[in-house]
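Okay, so here's the structure we're looking at.
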Amino acid sequence: PAAAAPAAADADSARVVVENGVAKFYFASGKADVATGAAEALAGAAKAAKEGKQLAISGFHDSTGDLATNQELAKKRALAVRDALVALGVDAGVVELVKPAAMDGGANAEARRVEVTIK
485 PAAAAPAAAD ADSARVVVEN GVAKFYFASG KADVATGAAE ALAGAAKAAK EGKQLAISGF
545 HDSTGDLATN QELAKKRALA VRDALVALGV DAGVVELVKP AAMDGGANAE ARRVEVTIK
């Protein structure tokens, strides 16, 4: 798997990590900016997609604030990650966007994420 960018010291800043082949993008509160290191973190998924595998992008949000606003922001974040994959040459047709889900419990900074998995 591709090497991930180092985790930021501030838990509320944008960052990306790769764990067990899953690229996890964490976002700052209220933001949809993809973290530095996205291309490196997505390299494995992009390679798999070019070899015929399907990708799933799952957006998550925390349970604080307005539900509709959180869902829209999670969607924007998922689309930003999809756009990063397309920029790496991945056909958008092999990428499935999964409906945003709320994460109950745990840290809000951990809940504000998008995961890319290879199917």
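Numbering (the working numbering), first residue to last: 485 to 603.
Glycine is no exception: its CB is placed at the ideal position from the N, C-alpha and C atoms.
Cβ neighbours of V574 within its own chain (closer than 6 Å, five residues either side excluded): A530 and A533.
Each residue's CA atom was taken as its position, placing V579 and V570 some 9 Å apart.
Under the three-state reduction of DSSP output, K583 falls in the strand class. Taking A512 as the centre and dropping the five residues before and after it, the same chain places the C-beta of D496, S497 and A498 closer than 7 Å to its C-beta, in chain order. By the Cβ neighbour-count rule, K508 is buried, with 16 or more other Cβ atoms within 10 Å of its own.
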